[in-house]
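Peer 1:
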Amino acid sequence: MEKAIFRGLRKFIRWMMTGMAAAASAASKIGFKKLIQKVIFYMIMTFSKKRCARRGISQYFPMIARSTFPFRFFFIPLLLLAACSQHADDREWWSAIPEEVPLVMLFHDADVSTVLQDRKILALEELSDMRLGMISDVTDQVQAPVTLKAVALYPSGSHQLQPLFIMEDPGTGIGPIARSFRREFAENSYQFRNHEIHILHLERQKMYGVQIRDLIFLSRNSAAVENSILALFGEHPGIGHIDAPHENSSYLLNTPQLTKWVNLLGAPRYLPRFSGLFEGTGPAVLSVSDDRYDDPLLKATLSGSIPITDTDASAFLNTFSAGPASSDLDRYIPLDAAFFAIFHQSPEVRIPEDTPRAGRLDSLLLSDPDLVAEIRGTLARPTAFLAFEASGFLSVGEHMYLRRLEDPAGFQRILRNLQRDGHAEESNDVFYINSNVLGQLLGGPHSRLTDFYVLRSANAAVITKRSGLARRVDQDRRRRAVVYYDDAYMEVRERHPESVSAFLYSRSERLLNYLEPMLNPVNHARFLGSLADVKTASLVRSGDLLSFQMDVYVSEDRTEPVRDVWVYDLRGSRITGKPLLANIGGGARDEILVATESNHIYGIAADGTGFLEINTGNDRPVGSPLVFDWYANNQYAILIAAGNKIYAWNNRGIPLPNFPVAMEERITAPLTLADVARDGRPEMIVTTADRKVHVLDQRGRNIQGWPQDVNVQVTQQPVFREFGGEQSVWITAGNGLFAFSPRGNLRNGFPVFIESDLGPVTFHGNRILAGASDGHLYAIGREPFFADSLVVPLDNNTNGLDPGMDNRSAAAGSGSSGSSGIFHVRRVYVGNAPIINAPIVQTLTIDHDNSQRIRERMIGVQTQNGNLFLLNEAGHLRMTQNMGQPAASYDNMMITDLNGNGKTDMVGVSANGRVYAWQVESGEQVPDIPSASMRYPIVNDILGNGDKELIGQTRDGLRCWSFRRP
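Here is the structure:
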């Protein structure tokens, strides 16, 4: 048996050798191309030796006539494969482009000197380490014009692409050019596949060049040149079959290699996720137009057709190449989405049997095909993927899916049933689900959804990793803060077909912020993103072609001075104090914390999505929440006074030990946190309805020397700070100002009493400023303040102490000032209504009387009748404005750059919630302020983009507007 096998093997090898010899002999006599033609004719007509001889073929290769089987076994399949290609002399220049090249820039025999000024080729210096001047150095050696056919971008190293220049021979050949760059005692050329590759020594860099027929190939990468030779002769995979590029074509996109483009330029950290994304596509020729629409913001339009094959198509490609259809999902997409893609996929997603089971629901779905079919029956084809940059609470961006529903009520019923049976958790119509199978049914096979939240919003399902984002998407849909109602979006959307296989939209800066954590430190993504602000693209399937159109916009339309960014639903309740900005999530942006009269505290990220919701039971909050590093471990806690208790939670909403702390009486003023005992740990300063001031340690017990009594209930927030070289607890109670040492002793000279109730205090150098209900601005300090000529004398009857209290510090005096111990108490008249704000001290510039420019330190105050004032430190009035109606009852005056134009504004809020502002320098009223009624507005660049945001409570909830910089 073994001998028979050996004889058969030896005969097989002999046949192989005979066939190879026959092929070589024939090719050498009649040429490769003619041999193919004769052999194919021979195969069709006959396999017999007799007919072969009659056709005159065996005269060229007598060995074939003697042994037809080895010839057919070895050579005929080889010839059939070769017949599909051409000899190097007959192939087009693009046949020399290696398969691994992702992109080719087409120049159609343009002069090299002109091409080097083209904006698209200037990007090569960023994407590679090549200096473009090197090409000029080479072509300057030729007197005749040198024309360029194309520049192929060849992968080089881990994060670079090296240009491969394909030029027409100017008539001199490459030899004379290369001789100008030879270097003694160095390698100046080498042989490769019977071609001489020249090494051109240019300064500190080398270029490699070769001439094939009338083409010259130049590159800094020798592999690019060598593989071009191999590709042209069929010994290395080329870019594949393409139609001849027409004159208007600008790029040759090697679509199957786009994954390589992503890996090289984007440098993603998770390379396996990008493998095989574009399998099933072929190379495409793209045209570029910059005058397709009459739009100054449109930079260019790219268009072309991508060949596709269903048999080899990846799941990713199938997602974007379904039959074209229309969709209304852009009615659900928030305006601040960094990127979104709307596509169409069948609900009949195949769920592999080996799908990992994330929980009990997966076991149910994999064993119950009827339930899976019921879920599929509620889903429609339109699906959307959305990406958002970091919200502020999260340090990285996030993404979500939208799925159009065929049967919204049925879908909601299924979710309710899953919740009833313990397969889902529900909170305010948002369902938490842990399931790989349901994630694939909703988002598609590539969704990677495992644990997620689902919310039905009208006729769509919102699928997110965070419940706050799901709720915000629903809120934005309800108030029409979605892209569908944005004129700029609709204008660019109408430039694409209504029915598409997929539509994509991106804002470059936001998208780059979303992608940043996924990229390696060395990448070219930000450079590529800087080339345009907005990109839109559509894909339309027609047979085996996928039509492609991309519009690139150089800048966003910034004609609207104010944009409505988001609204967070407070469920109809009013907030109890100004929104607090604090970074408790560790991200790049601050978060917002507000307390409401419905006893809730909400945490809201910078993008308007909620991340925290806690409550104080039956106790109404007093003032705003506070954030403090309670345990000195860089983990922030949230604290607030409510009712007669102090509540505290960590940043995840879990109550801290020993909280809430209960007081015997109702708390009357917002909580203050400070290290009063100077032991490195925070204390809580609390005022109660029995006119007491408490300083509590972390266990809720009064420290030594506390509590202390004051004359009336305290409603203004206590202050702990240094003044006159001493740390003190400062309490404003009615018409008195108290200063206590950390051990509870009254400071020398205090309390100070005036003839009317004091407002909130401001510490300014070595003096204390406060407005009063008598319309005067008071200054308390060791040195007299305000100009003598403007000071209003104090009344003699300034002792407002209760009977039995120590009156040794009572303010007493006459004439221009009063003396309280070692402190001077002075006042100037401001207006005929109570001053309601803590005085604001800033250095400002004013055009006084339109003739004199004054820059000095000024004090801003607001009276209850709606007037806003600026006085200098002497008490002279520098500016006054009136809102035309009473002011809001709380401290609401701001001096800030409201609209981000670099000019300081004076801002106030009226009793009906209208915000007014005037530019300090010119006195002109600031236009385009939202007219909505609001409470407790604040101004801050919370989005971190240089624009200022106005945030306040409206009847719809906490609302955010953004002023675009002029």
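Quick note: the sequence shown uses this note's numbering, first residue 670, plus one each step.
For glycine and all other residues, C-beta sits at the position ideal for the given N, C-alpha and C.
1. Under a Cβ-count criterion, where at least 16 other Cβ atoms within 10 Å of its own Cβ denotes burial, should phenylalanine 1454 be classed as buried or exposed?
2. Just reading off the beta strand (DSSP E) that glycine 878 is part of, what are its end residues?
3. Hey, leucine 1567 and valine 1595: beta-carbon distance below 7 Å or not?
4. Going by other Cβ atoms of all chains shown within 10 Å of its Cβ, with 16 needed for buried, is arginine 1526 buried or exposed?
5. Can you list, in chain order, the residues of its chain whose CB lies under 6 Å from that of asparagine 1561, leaving out five sequence neighbours each side?
6. Reducing DSSP to helix, strand and coil, say where methionine 836 ends up.
7. Work out the CA separation of valine 1263 and aspartate 787 for me, nearest whole Å.
8. Is serine 1096 helix, strand or coil by DSSP?
9. Excluding five sequence neighbours on each side, which residues of the same chain lie with their C-beta closer than 8 Å to the C-beta of glutamate 1333?
10. CA-CA distance, isoleucine 1083 and aspartate 997?
11. To the nearest angstrom, how far is it from the Cα of arginine 1370 to the Cα of valine 1364?
12. What residues are listed by DSSP as bridge partners for glutamine 1511?
13. Using alpha carbons as the reference points, say which of Ile1011, Leu1034, Ser956 and Ala1007 lies closest to isoleucine 1020.
14. At the level of alpha carbons, what is the spacing between arginine 1350 and isoleucine 1270?
15. Considering just the uninterrupted stretch of the alpha helix (DSSP H) at glycine 1553, what are its terminal residues?
16. Quick check: the stretch 850–858 against the stretch 884–900, are there 3 or more CB pairs under 8 Å?
17. Distance check for proline 1387 and valine 1234, CA to CA, integer angstroms please.
18. Can you have a look at glutamine 1622 and say buried or exposed, based on whether 16 or more other CB atoms are within 10 angstroms of its CB?
19. Between alanine 1402 and valine 1383, is the Cβ-Cβ spacing less than 7 Å?
20. For the stretch 1582–1590 and the stretch 1602–1617, state whether three or more C-beta atom pairs, one from each stretch, are separated by less than 8 Å.
21. Excluding five sequence neighbours on each side, which residues of the same chain lie with their C-beta closer than 6 Å to the C-beta of arginine 1624?
22. Just curious, the beta strand (DSSP E) that asparagine 1302 is in, first and last residue?
23. If you count every other CB in all the chains shown that lies within 10 Å of the CB of proline 1324, and 16 or more means buried, which is it?
24. Which two residues bound the contiguous alpha helix (DSSP H) that contains threonine 1565?
25. Got a sec, what are the start and stop residues for the beta strand (DSSP E) glycine 1006 sits in?
26. Going by DSSP in three states, serine 1485 sits in which element: helix, strand or coil?
27. Measuring alpha carbon to alpha carbon, tell me which of Ser1591, Met1159 and Tyr1498 ends up nearest threonine 1532.
28. Per DSSP, which one or two residues make a beta bridge with glutamine 1386?
29. What is the DSSP secondary structure of serine 858, reduced to helix, strand or coil?
30. Rounding to the nearest angstrom, what Cα-Cα distance links glycine 973 and aspartate 1098 in this structure?
31. Output the boundary residues of the beta strand (DSSP E) element that contains alanine 1264.
32. Starting from asparagine 1609, follow the beta strand (DSSP E) in both directions and report where the run begins and ends.
33. Rounded to whole angstroms, what is the Cα-Cα separation between serine 1268 and histidine 1115?
34. Could you tell me the distance, in whole angstroms, from the CA atom of arginine 848 to the CA atom of tyrosine 1158?
35. So, does the stretch 954–966 touch the stretch 910–930, judging by three or more C-beta pairs under 8 Å?
36. Among residues of its own chain, excluding the 5 on either side of proline 1294, which ones have a beta-carbon nearer than 6 Å to its beta-carbon?
Peer 2: Well, looking at it:
1. buried
2. 874–881
3. yes
4. exposed
5. Val1578
6. strand
7. 54 Å
8. strand
9. Asn1313, Thr1357 and Asp1359
10. 23 Å
11. 8 Å
12. Met1527
13. Leu1034
14. 25 Å
15. Element bounds for glycine 1553: n/a, residue is neither H nor E.
16. no
17. 35 Å
18. buried
19. yes
20. yes
21. none
22. No beta strand (DSSP E) contains asparagine 1302, which DSSP labels as neither H nor E.
23. exposed
24. Unbroken run through threonine 1565 is the beta strand (DSSP E), 1563–1565; no alpha helix (DSSP H).
25. In the sequence under discussion, the amino acid at residue 1006 is alanine, which differs from the glycine named in the question. It is not in any beta strand (DSSP E) - alanine 1006 carries neither H nor E in the DSSP assignment.
26. Low per-residue confidence applies at serine 1485: pLDDT is 36, beneath 50, and the placement is therefore not dependable, though the value from the model is reported in the following sentence. Residue state, collapsed to three classes: coil.
27. Tyr1498
28. According to DSSP, glutamine 1386 bridges with nothing at all.
29. strand
30. 45 Å
31. 1260–1264
32. 1604–1609
33. Checking the displayed sequence, the identity of residue 1268 turns out to be asparagine instead of serine. When rounded, the distance between both Cα atoms is 42 Å.
34. 57 Å
35. yes
36. Leu1249, Leu1262, Ala1264, Ile1270, Ile1307 and Ile1309
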